[in-house]
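Under the working numbering, the first residue of the sequence shown is numbered 12, with each subsequent residue one higher. Built from N, CA and C at the ideal position, the CB exists for glycine as well. Note that the structure is predicted; figures quoted are calculated from it, not measured. The next block holds one structure in the form of structure tokens; read it before the comments.
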Amino acid sequence: MEHDFESLISGFIKDNIGISKDFLSIELSNHLKQNLQSLMKQNLMKAAGTGNSDIISHDKAVRSDSIYWLDREHDNEYENEFFDQIDDFIKYLNRSCFAGINSYEFHYSLYEAGSFYKKHIDSFNNNPSRKFSMISYLNADWKEADGGQLMVYQNYNNQKIAPEQGTTVFFKSNELQHEVLVTQQQRMSITGWLKRDN
Ligand code: OGA
Ligand code: NI
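In structure tokens form, the structure reads like this:
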């Protein structure tokens, strides 16, 4: 397992963004996708806001996805398996990079066709605890024409990453500017943040 962790961390160190093709097993990502689809059917995915919980604005001009938070309290086998893997990754990250991560939060994300998230960074001015962002995509057979890529801005080295099932990205929340380009298809992912709460 440490092998997939290493590709996220070494890519991050070299290019400011780590990309792994096998952080989640195909089995686990299929189960998490089924969870998301069932939340959708039960109408439990809710419009995402921008800003933290104190100052939240549901600005559809900035982002138009909907979300649902994962939680160990749900007692869902696959959410727990996901969290176990995140716990292992954090141990590895803290040991190898002295990152001091001591909490995290993850949500399911759904972008219906026509949805997007304008250029932004992920940590809030009034809440700097988000240190690293991690996103695992759940979409099989994504095509260029489906859009919805993660666009990463780094001066003259912009990069477009397809939200293809099996791909996980890892980057620093307060530094990397990024955007979700308008998607032409339903786009599903697990998105979260590794945090250092003092
Ligand atoms: C976010 C975000 C990117 C993606 O939720 O903050 O930037 O590719 N997501 O889903
Ligand atoms: Ni973001």
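Measuring only from the beta carbon, is residue i closer than 7 Å to any heavy atom that is part of the ligand NI?
i	result
D133	yes
S200	no
H118	no
S144	yes
Report the CB separation of residue i from residue j in whole angstroms; it is logged as a contact under 8 Å.
i	j	result
S40	D15	So it is not a contact: roughly 13 Å between Cβ atoms.
I201	L43	6 Å
S77	L121	5 Å
F34	L81	In fact, because the Cβ distance is near 16 Å, the residues do not count as touching under 8 Å.
Y79	G203	Contact flag wrong, Cβ pair sits at about 12 Å.
Q195	D133	No, Q195 and D133 are not in contact; Cβ-Cβ is about 24 Å, not under 8 Å.
Rounding to the nearest angstrom, what Cα-Cα distance links residue i and residue j in this structure?
i	j	result
K9	Q96	Here the chain covers residues 12 to 209 and nothing more, so residue 9 does not appear.
H4	E84	Lying outside 12 to 209, the shown extent of the chain, residue 4 is not represented and no answer is given.
V193	W153	14 Å
R106	Y89	26 Å
V191	F109	30 Å
F143	D26	14 Å
A124	D86	31 Å
F93	D99	10 Å
H189	Q53	31 Å
Y148	M162	14 Å
V73	L104	32 Å
Q197	Y119	13 Å
G177	N209	33 Å
G22	I146	15 Å
K183	Q170	16 Å
N166	N150	29 Å
Residue i: beta carbon under 7 Å from a heavy atom of the ligand OGA?
i	result
Q189	Residue identity differs from the one stated: residue 189 is His in this sequence, not Gln. Yes - the ligand OGA has a heavy atom lying nearer than 7 Å to the Cβ of H189.
P174	yes
Y128	yes
L19	no
L161	yes
Task: Complete beta strand (DSSP E) runs within the stretch 16 to 97 (minimum length 3 residues, chain order) - done: 28 to 31, 77 to 80, all fully within the stretch 16 to 97.
Task: Runs of beta strand (DSSP E) lying entirely within the stretch 163 to 192, each at least 3 residues, in chain order - done: Entirely contained in the stretch 163 to 192, the beta strand (DSSP E) runs reaching 3 residues are, in chain order, 170 to 172, 179 to 183, 188 to 191.
Open item on the list: As an exercise, report each continuous alpha helix (DSSP H) stretch of at least 4 residues that is fully enclosed by the stretch 125 to 155, in chain order.
Closed with: none
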